[in-house]
Amino acid sequence: MARRHELTADTVQAYARDGAVVLRGVMNADELRTLESGIEHNLAHLSPLALVASEPDDPGRFVEDFCTWPCNPDYQRTLKDSALPHLAAQLMQSQAVRLYHDHLLVKEAGTRQPTPWHQDQPYYNVGGTQNVSFWIPVDPVPLASTLRFVAGSHSGTWYMPRTFRDQQAKWFPDGTLAELPPIDAEPATYRQLAWALEPGDCVAFHMLSLHASSGTGPGLRRRVFSARYLGDDAVHALRRWRTSPPFPGLDQRLPDGAPMVDPLFPAVWPTNRP
433 MARRHELTAD TVQAYARDGA VVLRGVMNAD ELRTLESGIE HNLAHLSPLA LVASEPDDPG
493 RFVEDFCTWP CNPDYQRTLK DSALPHLAAQ LMQSQAVRLY HDHLLVKEAG TRQPTPWHQD
553 QPYYNVGGTQ NVSFWIPVDP VPLASTLRFV AGSHSGTWYM PRTFRDQQAK WFPDGTLAEL
613 PPIDAEPATY RQLAWALEPG DCVAFHMLSL HASSGTGPGL RRRVFSARYL GDDAVHALRR
673 WRTSPPFPGL DQRLPDGAPM VDPLFPAVWP TNRP
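If you count the sequence shown from 1, you need to add 432 to reach my numbering.
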């Protein structure tokens, strides 16, 4: 059964306003050990969806993997039995919560590869506004290597999703969505949020929040697990292209605009929901 963790009204309001909040101490020592075990198992058994997102000459290595929770019991315990489902319900202000997918992001020590500014939802096959992603490190993350957000950028504008390494538009055709604004060049216009994190802390953010991060310094390994959840208004957004991550065969079960009710996306809150 998912563990409860009550948030303050101020935290819920900040999430609705800014699209990103820091949550301190939401995972206990046992849960952190479970998650770290799951991450190391994932690294040792990468799935066909795994990719190396850093250049070959990078002194470090940036590894990502997706949707491995069905074969990783430690991930299952994290996603279903920790406080994450209850936190998601409160932040999304949703009666029900479904698991969307898991995402592993590991930057080994010395990785130069940054994560450029982007939103997540344009890469996905989901519509609706009630969603949340938790960015959960099992290593200390200093301010220089943490995730950065543009406050309020989840408010409606969809920006063109592009490949991180060569900036290709593989999802929406060029010109159909807005291009990224000059975020770093105009800090007064695009207010940024960022927090140093300790194991047990996490950042919760909306799938339309613009976010980015830098590489890691020498000796700094950054192992992060992202847990993504959907709320009451989430619906299937049928795409004509391969989403990231892909869900093969889902288009044959769920028509465009249908609620995300499918075994791929189990209900995790309330715990008695089918």
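C-beta atoms are modelled at their ideal positions from N, C-alpha and C, and glycine is treated no differently. Given the structure is predicted, the values throughout are model-derived calculations rather than measurements.
CB contact flag (residue i, residue j, <8 Å)
i           : j           : result
residue 548 : residue 654 : no
residue 622 : residue 656 : no
residue 439 : residue 522 : yes
residue 636 : residue 519 : yes
residue 633 : residue 457 : yes
residue 434 : residue 703 : yes
residue 544 : residue 614 : no
residue 643 : residue 579 : yes
Exposure label - residue i; buried when at least 16 CB within 10 Å
i           : result
residue 503 : exposed
residue 575 : exposed
residue 474 : buried
residue 565 : buried
residue 487 : exposed
residue 517 : buried
Expected contact under 8 Å - CB spacing of residue i and residue j to nearest Å
i           : j           : result
residue 478 : residue 497 : 6 Å
residue 641 : residue 551 : 7 Å
residue 630 : residue 572 : 6 Å
residue 628 : residue 558 : With 8 Å as the limit, residue 628 and residue 558 do not qualify as a contact, their Cβ atoms being about 31 Å apart.
residue 541 : residue 652 : 5 Å
residue 514 : residue 472 : Actually they are not in contact, since the Cβ atoms of residue 514 and residue 472 sit about 18 Å apart, beyond 8 Å.
Cβ neighbours of residue i in the same chain (closer than 6 Å, five flanking residues each side left out)
i           : result
residue 662 : 530, 532, 563 and 692
residue 494 : 485, 486, 539, 543 and 545
Same chain, Cβ closer than 8 Å to residue i, five either side skipped, listed in chain order
i           : result
residue 501 : 507, 508, 511, 531, 533 and 534
residue 650 : 541 and 542
residue 626 : 575, 578, 579, 580 and 581
Distance, residue j Cα to residue i Cα
i           : j           : result
residue 526 : residue 620 : 33 Å
residue 639 : residue 553 : 5 Å
residue 567 : residue 683 : 28 Å
residue 536 : residue 465 : 16 Å
residue 595 : residue 606 : 13 Å
residue 585 : residue 670 : 24 Å
residue 659 : residue 690 : 22 Å
residue 442 : residue 695 : 34 Å
residue 447 : residue 453 : 6 Å
residue 590 : residue 608 : 10 Å
residue 577 : residue 561 : 28 Å
residue 460 : residue 470 : 15 Å
residue 524 : residue 678 : 24 Å
Close beta carbons around residue i, own chain, < 7 Å, minus the five adjacent residues each side
i           : result
residue 555 : 593, 603, 675 and 676
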